[in-house]
Structures are given as C-alpha cells and as structure tokens.
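In terms of our numbering, the sequence shown opens at residue 17 and continues consecutively. I have placed the structure first, in the form of structure tokens, so that the comments after it can refer back to it.
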Amino acid sequence: MRSMGFCRVKLLVLFLFLILLFAPSLAQSVPSGVGDVANDGCLCHGAKSQSTTVIIDGIPQQWIANSTYNMSIIINSTIEISQHENARQGGFRLMINNGTVIFEQSNHSQLINDGYTHTSEGNQFRQWNFSWTAPSSNDSVVTFVVHGNAVNSDEQSSGDAWNYYSYSAAGEGFSGVIGESPNYSNEIQNSEIALLVFAVISLAGLFYYSIK
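See the structure below:
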C-alpha cells in the first residue's frame, strides 16, 4: 500500500511538471511584447475578429531601392479604449522579410525572434509609427505582415479582439508575378490543438489519481 501511495505521488508530481512546462504555450498574456509564437496570429485571444481591423498605412505600391518610407500600424476596433491612465490598449507583431525598420518611439517597440512587437510602454497605444528603408536591390518582393490586438484592459485574454493585415510590394526592378500575401485562418493551428488536448488529458489524469 505504501508503495502504491508513493507511485501515486510520483505520478501527481509528473503531471504537475508537464502542465507547468507547457502552460506558457497554452495561454499567454503578453503586455510586454510577443515573439514568434504569434507569427500565426494572437491565438491565445481566440479566432481573429471582424470587430477589429489592422492596417499598415504608407506601404508603397512599388518601392525604390534604399528609399525610406514612413509607415504606421493602426488598429481600429469596437473594443472601447480605457480612460484609465497607463491602461493597456493594444499590441502588435510585425514581420517584414527585407529592409530596415526604425520605430519613431524606440521605447514603444522591440525586436523579438526576427519580428517587431510592442513593449510595456507601447502597449498603451493602438498606433505605432515607423520608417522602413528598402533593400539595396530593387528586383525583389517584400512582404509586410502585422497582427494587431485591441485589448479591454481587464488583464484577461477574453474580451479582446485581434486581426491581421498583409501586403506584398515589389521593387521597381521586379519583373515577375507577385504571389498571394499570407492568409491566416480563424482556426487554431495543429500545434495549439495538440497542446490543448495534452493539457486536458493531464488534468484528467491528475484528477483521477487524486481521488482514487
């Protein structure tokens, strides 16, 4: 009996360890910025929502090598902006596959995992201005992708609404066909589904052994 009880304790500890190990991937609150886990969207806030629109204003239809363009990430949403001082308003994940990006307010953005995102200070806005300098060769296509999330300042992932914007712009020397811009579905990706299933099974096992 004592041996069975000891084994049960070991299993409980193992379940707890595994749940804690995978918890960061299952639910993320990222007021201080988000890395490549958000490359497919703000999935911890549910599916993308038509109540929120995101754009990158200022992208040229055709860019010139080494030229600099002023752009803005803008989030519009039915999620009301909190009137409290320093309240969290929104966040973003920006990915551009070529060129140089410099944000107007350096303390409002940061580079994480080859993409740009907000900081704690930048989380208090729904617009972020930056300049983009085109690459030195004008015969390529540059893809701009941004995921933007409008938040309601309640410190929870529910009640927020996100969407994305993508656009591909060619250099003036490009002579090929511009492919389709990335499309991000409403569905949770397979990796997120697998992690959720694992968490449910782990919790069920933990409950079973705790009452047995």
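Cβ coordinates follow ideal geometry from the N, Cα and C atoms, glycine included. All values reported here derive from a predicted model rather than from experimental measurement.
If you look at T68, you'll find it in the beta strand (DSSP E) that goes 68-73.
Within the same chain, and ignoring the five residues on either side of Q105 in sequence, the residues whose Cβ sits closer than 8 Å to its Cβ are I97, S98, N139, Q140, F141, R142, A166, V167, S169. In the displayed model, I80 falls within coil according to three-state DSSP, outside both helix and strand. When Y180, G195, I118 are compared, the shortest CA-CA separation from A186 is found for G195.
For S156, the closest alpha carbon among the candidates F146, S147, E188 is that of E188. Across the set I72, S67, S65, the C-alpha of I72 shows the shortest separation from the C-alpha of Y181.
In the DSSP assignment, H163 falls within the beta strand (DSSP E) that extends over 157-166. Apart from the 5 residues on each side of it in sequence, T68 sits with its Cβ closer than 8 Å to the Cβ of I91, N92, S93, T94, I95, G164, N165, A166, A177, W178, N179 in its chain, given in chain order. Here P76 has Y85, A185 as same chain residues with Cβ atoms under 7 Å from its own Cβ, once five neighbours each way along the sequence are excluded. Nearest C-alpha to N82 among S147, D130, I89, G131: S147. Under the DSSP assignment, H134 falls in the beta strand (DSSP E) whose first and last residues are 131-134. If you ignore the 5 residues before and after N102, its C-beta comes within less than 7 Å of the C-beta of Q140, all in its own chain and listed in chain order. The straight-line gap separating the alpha-carbon atoms of Q126 and W79 is approximately 25 Å. The alpha-carbon separation between Q66 and N145 amounts to approximately 23 Å. In this structure, DSSP gives Q140 a helical state, which the three-state scheme calls helix. Secondary structure at S147: strand, using DSSP grouped into helix, strand and coil.
Comparing alpha-carbon positions, the option among I128, Y132, N114, N113 lying closest to E120 turns out to be Y132. Our two residues, N114 and V70, have alpha carbons roughly 21 Å apart in a direct line.
Closest option to R109, judged by alpha-carbon separation, among T135, I217, V158: T135. Rounded to whole angstroms, the Cβ separation of V161 and M111 is 5 Å, and the two are in contact under 8 Å.
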